[in-house]
Amino acid sequence: MTTVSVNTYTHSVTYVADNMLKSLKDIIRLSGLDPTNFIEDWDVNMRGIKRWLETQDLERVDLEIYDPKTDALLFRWDMDVVYGWSSGDGNFWVDTEQLKYAIRKAGLVPSQAKYRLLVRTKPGRPDVDGWSKVTARSTTGFTRQSLGTTIDHSGLGANTSYWRQTG
1 MTTVSVNTYT
11 HSVTYVADNM
21 LKSLKDIIRL
31 SGLDPTNFIE
41 DWDVNMRGIK
51 RWLETQDLER
61 VDLEIYDPKT
71 DALLFRWDMD
81 VVYGWSSGDG
91 NFWVDTEQLK
101 YAIRKAGLVP
111 SQAKYRLLVR
121 TKPGRPDVDG
131 WSKVTARSTT
141 GFTRQSLGTT
151 IDHSGLGANT
161 SYWRQTG
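In UniProt numbering, the protein residues as written are 1 to 167.
See below:
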């Protein structure tokens, strides 16, 4: 029985990590940005996200969209990880329509905008090659809009939200 749970959890980790990255790629593309750099970093991003999901050290994945001239944050998309793992019915889904609606609502970003992927992990998490510590840009003056759960596989999933400028 334990082997089945481990294999199922491993499958859930792969499913959730893959769909987090696919969703972030869609956010980049549908926001009017070029996803080439994101796709080129896919393997290192997948390696880190999968590893930290496996160890349950991953708390959140952020996609910062910023103005490279001023370094000011323009938008931020968050995917908060939910570790509600169960051996239930094996339910799995991704709410791409909800993401598409929120992206349209947030609007296109300026063509000169850049983006970067950040993760928030628990202290003491294992290191992963290709990842280093950085400081997130401030969200002062921004409002967080929650979309709720957008990815789920047997209780392991992600709640997505985005930050938009207030006013």
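A virtual CB, placed ideally from N, CA and C, is assigned to each residue, including glycine.
Assignment of A106 by DSSP, reduced to helix, strand and coil, places it in the helix class.
For V82, the beta-bridge partners assigned by DSSP are G157. Contact check for E64 and R76: beta-carbon distance about 5 Å, within the 8 Å limit, so the pair qualifies.
C-alpha of N45 to C-alpha of G155: approximately 22 Å in a straight line.
Assigned with DSSP and collapsed to three states, K114 falls in strand.
CA-to-CA, the gap between M79 and R116 works out to about 14 Å. With respect to the C-alpha of K50, the residue from Y15, Y83, I28 having the closest C-alpha is Y15. Contact between V13 and E54 is confirmed by a C-beta separation of about 5 Å, below the 8 Å threshold.
Across the set T149, Q112, G48, N19, the C-alpha of G48 shows the shortest separation from the C-alpha of R120.
With contacts defined by Cβ atoms closer than 8 Å, I151 and V61 do not form a contacting pair.
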